[in-house]
Amino acid sequence: MADTVLYDVTDGLATITLNRPDAMNALNIEAKVLLRDTLKEAAADPAVRAVLLTATGRAFCVGQDLKEHIGLLAEDRATGSGSTMNTVREHYNPIVTALTEMPKPVVAGVNGVAAGAGAGFALAADYRVVADSASFNTSFAGVALTADSGVSWTLPRLIGQGRAADLLLFPRNISAQEAYDLGIANKVVPADELAEAAAAVARRLAQGPTAAYAAIKESLAYGAGHSLTETLGKEDELQGRAGASQDHQIAVEAFVKKEKPVFLGR
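Numbering-wise (full-length UniProt numbering), the sequence shown opens with residue 1 and increments by one.
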């Protein structure tokens, strides 16, 4: 299992790399368990101040490993258990929750096709750096499934309800340029520059005010489902927390001195 998902922490940046290149980083049970647990480890580690989620090979992640999946479905039919689809509850939901509730920013470095749950994981990140040769595809309806991995929540918030319905009902490959035009990709770079460009964004975030970033993530998620009045109350709560941070004090003092702040992440 140790080779299915790679994990490295350097200078506050946790790099999590999907590593099944021969299978286009399709998600078998092994990969899903390790990705879930690695994300939880990164979230709990105070030394981690930002996360970069990327992949090896020519694909970011094509979603569920259908070769494994078809065997599990056959077992379900033989036993009448129906347990195969428990993967949504046991794996996909915790993975997306870990990404969206991570108390530090998450960058997705999308090196190739991101389909199904692979697209879902990229959409759950806070910022997407995308290779110009990469593409996105919801793909769920193509295999007679509905959206999972948070796509029914993330995609409409990025591109609107109508466009999200179109891409879910009629799955197709979305080029990197179209993804940028739609608002899915934050930045598109030449494929051979993807690794360094994504890492540069993530490193910059790893050197920033981590607690403030966590509050920004929380306020955006809260505001998506609450009224203005409720959101103003949440902003008040979160700003009080951010204002009491050591990084805020550092930033104010640096501003007065006309210096660049050096944040500590707390």
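Don't be surprised by glycine CBs; every beta carbon is placed ideally from N, CA and C.
Note that the structure is predicted; figures quoted are calculated from it, not measured.
If you run the structure through DSSP and keep just helix, strand and coil, what is residue i?
i    : result
G223 : helix
D236 : helix
T4   : coil
S149 : coil
A59  : strand
V262 : coil
V188 : strand
V48  : coil
D22  : helix
G162 : helix
G142 : helix
D11  : coil
G120 : helix
G183 : coil
Here's the rule I'm using: 16 or more other beta-carbon atoms within 10 Å means buried, otherwise exposed. How should residue i be labelled?
i           : result
M1          : Its pLDDT being 45, under 50, M1 is placed unreliably in this model, and the value from its coordinates should be taken loosely. The residue is exposed, with fewer than 16 neighbouring Cβ atoms inside 10 Å.
H69         : buried
K258        : exposed
Q64         : buried
G80         : exposed
V256        : exposed
S227        : exposed
N25         : buried
D126        : buried
K104        : buried
L232        : exposed
G118        : buried
R266        : exposed
L35         : buried
residue 267 : The chain is shown only over 1 to 266; residue 267 falls outside these bounds and no answer can be derived.
A47         : exposed
K67         : exposed
Name, in chain order, the residues that DSSP records as bridge partners for residue i.
i    : result
T210 : Partner(s): none; T210 has no beta bridge.
R128 : A108
A115 : N137
T17  : L6, T54
Q64  : L27
I174 : F136
List the whole-angstrom C-beta distance separating residue i from residue j, where the pair is believed to meet the contact cut-off of C-beta under 8 Å.
i    : j    : result
A50  : L220 : About 16 Å separates the two Cβ atoms, so there is no contact after all.
A78  : T100 : With a Cβ gap of about 36 Å, A78 and T100 do not count as contacting.
T84  : L73  : 6 Å
A147 : F140 : 5 Å
V129 : V110 : 7 Å
Could you confirm whether any beta carbon from chain D is found closer than 9 Å to the beta carbon of residue i?
i    : result
V256 : In the displayed structure, chain D is absent; only one protein chain is listed.
- Message: Quick check for students: name the residue ranges of the beta strand (DSSP E) that lie wholly in the segment 68-110, counting only runs of 3 or more.
- Response: Correct list: 106-110.
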